[in-house]
Amino acid sequence: MTRLWHKGEPLDQVIERFTVGRDPELDLRLVRYDALGSAAHATMLARIGVLDADELAAVLAELGAIARDAEAGSFAIARADEDGHTAIENRLTAVLGDAGRKVHTGRSRNDQVIAATRLWARDVLCAQLDALCATCELLLDVAERERETMVAGYTHTRQAMPSTFGLLFGATADALLDDAPWLQQAFAHIDRSPLGSASGYGVALPLDRPLVAELLGFASVQRNTLSVQSDRGKAEYLALAAAAATVTDLSRLSADLILLSSDEMRVVRLANEVTTGSSIMPQKRNPDVLELIRATAARLRARQAEVGAVYGSLTHGYHRDLQLTKEPFVEGMQAALDALTAIQPVLRTLEIDAGRAEALLSRGIDATDAVYQRVAAGEPFRSAYKQVAADPDGATEGMKAGAGWRARTHLGAPGALDLGPSREALGAVRRWVDETSARLEAVWQRLLPS
Ligand code: ARG
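According to our numbering, the sequence shown is numbered sequentially starting from 52.
Here it is as structure tokens:
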């Protein structure tokens, strides 16, 4: 098999290796989606008379076989093929002859790769939102169960005021619920059809771009053919921003749990089934999963920066530079999904030692609540603060250590934890995921029924 643009002259091997890069491997994940995009494109070509009915039927059947092979892991992309788009066209041509040779009419690999990537990204974003919902559900369950379990609240990693595990786990749930619209916005941005823009300047054929968009279940056509190309890096950058924000919220909780489950603190116990061992120290159970979530968040922020750096300095029109945004995008989005999934067994199995949390309270932790007892009795805040500061031990004498969180009952405070609005927000995201995944599944049934 060979490159689509091959004109008989050999290509320097070093140049081939360098220009092809990791495409054969990365494109393997996109082949199914490329076949789907090609099915919509071919259907449209038949409507405008480029393919006849028999040719279309043969092309759709072969694209279906390609998608199934890709799913089964038996579709190969050789380096001599350059990329997945070439491997697909070569197979269509080998099997179908002229019908295969017609499929690339009215498109370029430049809009083809964007279509395949967007179709893939819609699925991944939907799966991320699905995993976000499952994770939120678990967080809210722990928050509910531990709503009255006191734990020191920290600032500067120093004990600050008594708080609850309900507040801590509820905070992560709310943070993730804040991330959901970012992911949905990235989805909406990506949910526009790039097909028919070709290399950025259209072609001299009456392409029916809205039909292709409709067949692929895209919400609309991305109109200006040149803007489609400029959007390749930008759309990836936006989606990675959303994914990075989401995993960064998991990273924060992970860092807390690493600390709270340390040998010194032992407030949280991580189940053996979610911790890993050491090859040298027989006694160890390590929180590797939480450390890798933390590192995944860091890496996602770097992957976003990488995409921004590559696409940000180009002129209009396709540039091969854009091929290099594929790796940080595809691998970053997959890693975010994996992190959102990996936190779930941790949350499902973690145990909290309330007695230990109480035993770890520092002497001064009730000082602020002592100030507010005086404020409640009419003393000006600054005077009360100074009184308590002069003799913190005396000022907190008689107070039940750590119980002060109960008196903080205004909206959002630990003494009035209301998880209802969070559950409502979660329900709305869940409905979006259910509707969207059904809509995406229908596209496959319509174009490449299995
Ligand atoms: N692998 C290429 C990419 O990801 C496909 C497009 C190649 N287009 C080209 N004109 N060389 O960008």
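For glycine and all other residues, C-beta sits at the position ideal for the given N, C-alpha and C.
Small disclaimer: the values here were computed from a predicted structure and weren't measured.
{"Asked": "Rounded straight-line distance, which links the Cα of residue 405 to that of residue 209", "Found": "19 Å"}
{"Asked": "Extent of the continuous alpha helix (DSSP H) to which residue 369 belongs", "Found": "Counting along the chain, residue 369 falls outside any alpha helix (DSSP H), and DSSP gives it neither H nor E."}
{"Asked": "C-alpha distance - residue 341 paired with residue 244, whole-angstrom precision", "Found": "38 Å"}
{"Asked": "With 16 other Cβ atoms within 10 Å as the buried cut-off, status of residue 207", "Found": "exposed"}
{"Asked": "For residue 167 and residue 85, believed in contact at Cβ under 8 Å, the rounded distance", "Found": "4 Å"}
{"Asked": "Validate contact between the region 391-406 and the region 309-324 using beta carbons, cut 8 Å, 3 pairs", "Found": "yes"}
{"Asked": "Supposed contact pair residue 390 and residue 347 - C-beta distance, whole angstroms, cut 8 Å", "Found": "5 Å"}
{"Asked": "Proximity below 9 Å, CB of residue 446 to CB of residue 456", "Found": "no"}
{"Asked": "Proximity to residue 66 [Cα-Cα], best of 133, 181 and 432", "Found": "133"}
{"Asked": "Meets three-Cβ-pair contact criterion under 8 Å: the region 250-268 and the region 176-196", "Found": "no"}
{"Asked": "Nearest candidate by alpha-carbon position, reference residue 240, set 182, 221 and 287", "Found": "287"}
{"Asked": "Cβ-based burial, residue 332 [other Cβ within 10 Å; buried from 16]", "Found": "exposed"}
{"Asked": "Residue 78: CB within 8 Å of a non-hydrogen atom of the ligand ARG", "Found": "yes"}
{"Asked": "For residue 70, the three-state DSSP class (helix, strand or coil)", "Found": "helix"}
{"Asked": "Residue 369: CB within 8 Å of a non-hydrogen atom of the ligand ARG", "Found": "yes"}
{"Asked": "DSSP beta-bridge partners of residue 204", "Found": "212"}
{"Asked": "Residues that residue 139 bridges to, as DSSP identifies them", "Found": "Paired residue(s): none; residue 139 is not in a bridge."}
{"Asked": "Delimiting residues of the alpha helix (DSSP H) encompassing residue 110", "Found": "104-123"}
{"Asked": "Close-in-space but distant-in-sequence residues of the same chain around residue 409 (CB under 8 Å, 5 per side omitted)", "Found": "201, 452 and 453"}
{"Asked": "Residue 252 - containing alpha helix (DSSP H), residue span", "Found": "Here residue 252 belongs to no alpha helix (DSSP H), and DSSP marks it neither H nor E."}
{"Asked": "The ligand ARG heavy atom lying under 8 Å from the CB of residue 382", "Found": "no"}
{"Asked": "Of the residues 415, 262 and 176, the one placed nearest residue 443, counting alpha carbons only", "Found": "415"}
{"Asked": "C-alpha gap between residue 310 and residue 316, whole angstroms", "Found": "7 Å"}
{"Asked": "Any non-hydrogen atom of the ligand ARG within 8 Å of residue 62 CB", "Found": "no"}
{"Asked": "DSSP state of residue 244 mapped onto helix, strand, coil", "Found": "strand"}
{"Asked": "Bridge partner(s) assigned by DSSP for residue 473", "Found": "Residue 473 is not bridged to any residue."}
{"Asked": "Range of the contiguous alpha helix (DSSP H) that encloses residue 57", "Found": "From DSSP, residue 57 is part of no alpha helix (DSSP H); its letter is neither H nor E."}
{"Asked": "Exposed unless 16 or more other CB atoms sit within 10 angstroms - verdict on residue 53", "Found": "exposed"}
{"Asked": "Stretch pair the region 118-130 + the region 70-82: three plus CB contacts closer than 8 Å", "Found": "yes"}
{"Asked": "Nearest neighbour of residue 273, chosen from 242, 487, 291 and 285 [CA to CA]", "Found": "242"}
{"Asked": "Reference residue 114; option with closest CA among 100, 135, 205 and 344", "Found": "135"}
{"Asked": "C-alpha distance - residue 105 paired with residue 91, whole-angstrom precision", "Found": "16 Å"}
{"Asked": "Cβ-based burial, residue 141 [other Cβ within 10 Å; buried from 16]", "Found": "buried"}
{"Asked": "Candidates 279, 328, 108 and 336, of which the one nearest residue 169 by Cα", "Found": "279"}
{"Asked": "Contacting residues, own chain, Cβ-Cβ under 6 Å from residue 220 (five flanking each side not counted)", "Found": "190, 193 and 194"}
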